[in-house]
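Q: Encoded as structure tokens, here's the structure I'll be asking about.
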Amino acid sequence: MAAFVVVVILLAVAWEAAKWIAGDPWREAFGMPLDPPHVPPFDIKQFNDLNLPHVWDVIGALSRPSVRNSPFSLGAVLIDAAVFTGRSAMLGFAVGAVVGLVLAIIFVRSRLLERALVPYVIATQTVPIVALAPMLVLWIGREWTSVVLVSAYLTFFPVTIAGIRGLSSPDPRALELMRSYAASDWSVLWKVRFQAALPYLFTAFKISATASVVGAIVGEEPTGIRGGLGRAILQFNTQYSSGPEKLWAVVLVAALLGIGFFVVVRAVELIVLRDRSVPSDL
Amino acid sequence: MSGTAQPASPIVTVRGVDKRFGAGAETTTALQAIDLAIAPGEFVSLIGPSGCGKSTLLRIIGDLTAPSVGAVTVNGKPAGAARRDRDYGIVFQAPVLFDWRTIEQNVELPLEIIGVARGERRRRASEMLALVELSDFARHHPWQLSGGMQQRAAIARALAFEPRLLLMDEPFGALDEMTRERMNDELLRIWERTGTTIVFVTHSIPEAVFLSSRIVVMSPRPGRITDLVEVDLPRPRTDASRESERYFELVTRVREALRAPDAARVAGP
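Encoded structure:
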């Protein structure tokens, strides 16, 4: 955590240093006027105030009204949006994880189905989601369900791949042992295969957790659903030239939401896998 | 084959068993014309060089693989029916304990699968752990125990539903010599206390002689039974047994049988 904060500070320092050397003239810093203004010795387009707004402008934008004359601050609006999008992402993650695991179980049980269907599973991931999402909206409608489905669509694949590997991971003798107990298929699946697959599944869940946030944001855009981060990105994108710091603020909040999802999954992993011989790493 | 008086109702009967792997020109014969009867309460070792099919024979008795030809009965039932009735426990060379379960929970696993109630499971598991002297480690996880202790836990698990037959596939093969001798002592103590029939695969001659009431000597390619050696060392067997003259005679006898399998076959009946 401390290391994370140090890196955040270093990034902010590097960001401002770039602007100090090659950005627009500084008339103020940290809200305080600079007189005379600092004029950077170089001029690089990417570091001007439109392309790389000052860190304090991005932070400051959070406490200013989201749009002119709005009673709500941008920060409050974005927190609401993050909760809204987070809810879709959470549901999408849950649906994706279940679908991914069910597919993995089917494929481990039937090599024939695995050979027949895995190419299609892979194909789903090569079709760009931005092409599929509008079609999904046509089929299902401009509804919240579409957002959840797009999120689930981006979530299930790592779970399926890791699940196939993990469910096949038990020692063959462990399976023979279960055979010697005349154990039911369900017992073998639940007491041996699933338990052995858990470390693999958590690796997939961590990938899926962040993907589910991306999926929810991307899913909100073609559906035009209001209230989420996807809509906020569209809105502040069109207003970029008048307020670039607002779009940057959305990016910041979206990143924090993704990190939050990851941290939750990691925490659950640490609890669930606490008794394993091999400590689980990131 | 040396004539052994067979008791009236053996617990294991192997009749005319062949096992072949592969097909066509690739076929290898792992076992050929195996006949064997094991009486209740016997401690029978299967010994032979690698590739003689001794593990395959054990797995056929346990219905983990099917014979190509021939029949196996356990407790008077076909091997498959015996397996479904949980008539035997099995111990492999590796302990194969589940690391997400405590030692106690590992021992309880077979009981869980049969559907034994929780309290009874606990009671039986603690009884078995006492038998293998692991009571103090019930709440530990397998990876916190030494190799020998893990193997003792595997034995406790195999005995959990009190099977009449215990199949052991080189259970001490991965242990160092000293641990192995101590485990041999413990296994005999457990065998004497439980009265279980044990079929024990090994490639260690001293281990087979020390433990067994009878040794089945096998030769490779194709795997055949070339000799049966009755071990008449007095019981209980102790460290003194390992130093007795009769022990060395038997070790020599088994070693010679292993060295000249073909001669033994030619000299057979």
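Protein chains in written order, with the numbering used here: chain A, 554 to 835; chain B, 1050 to 1318.
Glycine included, each C-beta is placed from N, C-alpha and C at the ideal position.
1) With 8 Å as the limit, tell me which residues of the stretch 720–733 of chain A have their beta carbon closer than that to any beta carbon of chain B; keep them in chain order.
2) I need the straight-line Cα distance from B:T1105 to A:L809, nearest angstrom please.
3) Count the other C-beta atoms from every protein chain shown that fall within 10 angstroms of the C-beta of A:V592, then say buried if there are 16 or more, exposed otherwise.
4) Inspect the CB distances between the stretch 1243–1254 of chain B and the stretch 1085–1104 of chain B and report whether three or more fall short of 8 Å.
5) Quick one: grab the DSSP three-state call for A:F595.
6) Return yes when the Cβ of B:L1146 is within less than 7 Å of the Cβ of B:V1250, no when it is not.
7) In this structure, how does DSSP classify B:M1232 when only helix, strand and coil are distinguished?
8) At a Cβ threshold of 7 Å, is A:D738 touching chain B?
9) Alpha carbon to alpha carbon, how far is A:V652 from B:S1261?
10) Ignore the nearest five residues each way along the sequence and tell me which others in A:G530's own chain have a CB closer than 6 Å to its CB.
11) Secondary structure at A:P752, three-state DSSP: helix, strand or coil?
12) When the cut-off is 7 Å and only beta carbons count, does A:Q788 lie next to chain B?
13) Tell me which residue opens and which closes the beta strand (DSSP E) that A:L666 is part of.
14) DSSP three-state label for B:R1170, please.
15) Given this structure, state the Cα-to-Cα distance separating A:I675 from A:A715, to the nearest angstrom.
16) Could you give the distance in angstroms between the alpha-carbon of A:L689 and the alpha-carbon of A:F646?
17) Considering just the uninterrupted stretch of the beta strand (DSSP E) at B:A1074, what are its terminal residues?
18) Assign B:W1149 to one of three DSSP states: helix, strand, or coil.
19) Note down the Cα distance separating A:I597 from A:E581, rounded to an integer number of angstroms.
20) Determine contact between the stretch 1207–1226 of chain B and the stretch 1129–1146 of chain B, defined as no fewer than three beta-carbon pairs at a distance below 8 Å.
21) Give the residues from the stretch 749–766 of chain A that approach chain B closer than 7 Å (Cβ to any Cβ), ordered along the chain.
22) At what residues does the beta strand (DSSP E) containing B:I1096 begin and finish?
23) Nearest by alpha-carbon distance to A:I812: which of A:V671, A:A614, A:I760 and A:I612 is it?
24) Are the Cβ atoms of B:G1205 and B:L1178 separated by less than 7 Å?
25) What does the alpha-carbon distance come out to for the pair B:A1257 and B:L1158?
26) Taking 8 Å as the limit between beta carbons, can you name the residues of its chain near B:G1071, skipping five residues before and five after?
27) For B:V1300 and B:I1254, which I take to be in contact (beta-carbon distance under 8 Å), what is that distance rounded to the nearest angstrom?
28) Per DSSP, what kind of secondary structure is B:P1159 in: helix, strand or coil?
29) Using a C-beta cutoff of 7 Å, does A:A735 count as contacting chain B?
30) Exposed or buried, A:V741, counting other C-beta atoms within 10 Å across all chains shown (16 or more means buried)?
31) Could you name the residues that DSSP lists as bridge partners for A:P723?
32) I want to see whether chain A comes within less than 7 Å of B:H1190, judged by CB atoms only; does it?
33) Per DSSP, what are the beta-bridge partners of B:G1138 in this structure?
A: This is what the structure holds:
1) D724, R726, A727, E729, L730, M731, R732 and S733
2) 58 Å
3) exposed
4) yes
5) coil
6) no
7) helix
8) no
9) 54 Å
10) The requested residue 530 of chain A is not part of the displayed model; chain A covers only 554 to 835.
11) helix
12) no
13) Looking at the DSSP string, A:L666 is not in any beta strand (DSSP E); the run it does join, the alpha helix (DSSP H), is R664 to T679.
14) helix
15) 13 Å
16) 18 Å
17) Premise fails: B:A1074 is in no beta strand (DSSP E) and is neither H nor E.
18) coil
19) 19 Å
20) yes
21) none
22) F1092 to I1096
23) A:I760
24) A quick correction: the sequence has Ala, not Gly, at residue 1205 of chain B. Their beta carbons are under 7 Å apart, which means B:A1205 touches B:L1178 by this criterion.
25) 30 Å
26) T1077
27) 5 Å
28) helix
29) yes
30) buried
31) DSSP lists no partner for A:P723.
32) yes
33) B:L1215
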